[in-house]
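Below is one structure; the comments refer to it alone.
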Amino acid sequence: MKPVIDVISLGGTIAMKDKSGSAGVVPTLSADDLVQAVPQLAEIAAIRTHSPCNVPSAHLTFEDIFNVASKIRMLAQEGSAGFVITQGTDTIEETAYALDLLLRLEVPVVVTGAMRNPTKQGADGPANILAAVQVAVEPAAKSLGSLVVFNDEIHSAQFVRKTHTSNPSTFRSDPLGPIGWLTEDEVRIHLEPKSRPVLGSSEFDDDVRVAIIKLGLGDDGRLIDAAVTASYSGLVIEGLGGGHASVSAANALERACAKIPVVLASRTGAGEVLTSTYGFVGSEIDLLSKGLVPAGRLDGCRARVLLTLLLCSKETSVENIADAFLSHGTQ
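The sequence shown begins at 13 in the numbering used here and counts up one residue at a time.
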């Protein structure tokens with residue numbers, strides 16, 4: 013008896029085609045359409061399809077991802093052997109990481125998509141769906157948390173990032189690389205990500221809003237003040253280098269910390285935020301002394317996802333937020 017795999021389509025490039033009245037491709041294809049384009053799937057699993065929305069991934073919301081997580085929990089109780097979520101690549105890393113925080117199931121959860129839409133020569137969507145389903149039925153993938161399968165590579169949601177606007181090999185996982193790959197339709201797993209605590213009790217809260225601000229040369233801090241004035245629930249700062257800011261931005265961050273949780277990440281996209289090296293005003297030592305929470309190795313996008321889910325679960329104290337970032341960002 014073939015395992016049951018649920019394919020959940022959210023839209024994105026993988027589901028896009030030309031549409032009358034549009035200047036370019038737009039989300040059009042359903043999960044059924046995507047599955048029918050890959051007849052080999054019938055040899056691997058009994059596929060069930062779901063199309064809860066059909067949007068570019070830039071239009072996805074946290075509410076959408078909470079709804080997907082809820083649907084996955086329900087289908088898992090009904091005996092699903094694994095899940096494949098298809099969506100646009102722009103926010104795949106955030107969706108996968110959010111699902112990794114919200115779910116800890118005994119079945120694989122795989123996210124995939126495409127860089128070339130179905131109207132292009134060499135469209136990569138069908139191959140990525142096939143690979144994703146092959147990983148979803150693989151017993152060794154059950155304990156790995158949420159995964160991104162793309163271009164025959166298997167990436168952990170904890171590390172994967174989109175690194176190119178249009179290249180099909182856009183996804184990378186620095187500094188470790190992919191945790192596995194597919195060769196001749198065989199799944200190879202060679203690394204197992206360290207397990208992290210799950211925030212599965214979180215429920216979507218429409219009042220929670222977290223801003224993300226990237227600092228630059230001579231930043232005057234006004235965007236930071238504006239985020240607080242706009243009643244954001246929390247703030248993620250992508251600091252310079254190891255987690256640094258101008259004097260004006262540092263002063264604005266101190267004002268912000270008096271009102272909302274503020275997390276310090278690095279804009280570099282690699283390495284950990286420093287905690288004890290530099291001592292000038294606006295250094296990591298100075299900013300952490302003002303109340304900012306270090307994001308560890310988490311980049312700004314992941315830090316924003318984690319902070320949003322923590323605030324949705326009513327974890328609002330700086331101490332609890334710092335503990336969570338210690339668990340997810342450094343250990």
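The beta-carbon is built from N, C-alpha and C at its ideal position, and this holds for glycine as well.
Proximity winner among the options, relative to residue i (alpha-carbon distances)
i, options, result
"W285", "S301, A307 and G291", "Looking at the sequence shown, residue 285 is not Trp but Val. Out of S301, A307 and G291, A307 has the C-alpha closest to the C-alpha of V285."
"A157", "S185, V147, P205 and T124", "Going by the sequence as given, residue 157 is Gly instead of Ala. Nearest option by C-alpha distance: P205."
"S69", "T107, V149, S207 and G230", "T107"
"D217", "N179, D76, V275 and L41", "D76"
"A135", "E327, N163, P151 and L114", "N163"
"H71", "P39, Y290, C324 and I20", "P39"
"E196", "V37, A139, A169 and N179", "A139"
"R173", "T103, S82 and T61", "T103"
"Q133", "G251, K29 and L323", "K29"
"K302", "R279, H256, L265 and A336", "L265"
"P7", "I59, S288, V47 and G254", "The question about residue 7 has no answer, for the chain in this structure spans 13 to 343."
"H256", "R267, A239 and G228", "G228"
"A8", "G94, F337 and A238", "Missing from the structure shown is residue 8; the chain here goes from 13 to 343 and no further."
"R314", "T61, F74, L22 and Y109", "Y109"
"K340", "R208, T287 and S288", "Checking the sequence, you will find His at residue 340 rather than Lys. It is R208 whose Cα lies nearest to the Cα of H340."
"A81", "L113, E105 and V67", "L113"
"R85", "L115, E215, I26 and L321", "L115"
"S288", "G254, D237, T342 and L41", "G254"
"L46", "G291, P130, E90 and S178", "P130"
"S318", "D44, L211, A27 and T177", "Rather than Ser, the amino acid found at residue 318 in this sequence is Leu. Out of D44, L211, A27 and T177, L211 has the C-alpha closest to the C-alpha of L318."
Beta-carbon proximity list for residue i, same chain, < 6 Å, skipping 5 on both sides
i, result
"L117", "A88"
"S260", "D232 and G233"
"I249", "I225 and L276"
"V122", "V96, A144, V147, A148, L159 and V161"
"G281", "D311"
"S92", "V16 and D18"
"V305", "V275, I333, A334 and F337"
"L252", "L227"
"T342", "G308"
First and last residue of the uninterrupted beta strand (DSSP E) at residue i
i, result
"T195", "G192 to T195"
"I20", "V16 to S21"
"L300", "No beta strand (DSSP E) contains L300, which is instead part of the alpha helix (DSSP H) from E296 to S301."
"S278", "V274 to S278"
"E266", "Premise fails: E266 lies in the alpha helix (DSSP H), V259 to C269, not in any beta strand (DSSP E)."
"A58", "A58 to H62"
"V38", "V37 to P39"
"A54", "Segment: none, A54 is in no beta strand (DSSP E) and carries neither H nor E."
Segment limits, alpha helix (DSSP H) that includes residue i
i, result
"K83", "F74 to Q89"
"A234", "In the sequence as presented, Ala is not what sits at residue 234; that position holds Arg. Counting along the chain, the alpha helix (DSSP H) containing R234 begins and ends at R234 to T241."
"D45", "A43 to Q48"
"E250", "No alpha helix (DSSP H) holds E250; the beta strand (DSSP E) holding it covers G246 to G251."
"T320", "G312 to C324"
Sequence-distant residues of its chain with Cβ nearer than 7 Å to residue i (five each side left out)
i, result
"K154", "E118, V119 and P120"
"H167", "L159, V160, F183, S185, P190 and I191"
"V145", "I17, L53, I56, A57 and V96"
"N79", "P64"
"W193", "D164, E165, I166 and R200"
"L188", "F171 and L203"
Close Cβ partners of residue i (< 8 Å) along its chain, the five nearest in sequence each way excluded
i, result
"L323", "D217, V220, V222, S245, G246 and P273"
"K31", "V37, V38 and T40"
Min CB distance residue i to chain C below 8 Å
i, result
"E55", "Here chain C cannot be found, since the structure has a single protein chain."
query: Curious, which full-length beta strand (DSSP E) runs of at least 3 residues does the segment 125 to 165 contain?
result: 158 to 162
- prompt: So, do the segment 92 to 102 and the segment 117 to 131 have three or more beta carbon pairs nearer to each other than 8 Å?
  reply: yes
task: Could you tell me whether the segment 282 to 302 touches the segment 325 to 338, using the rule of 3 or more Cβ pairs below 8 Å?
output: no
message: Check whether the segment 219 to 228 and the segment 245 to 255 touch, using three or more Cβ-Cβ pairs below 8 Å as the test.
response: yes
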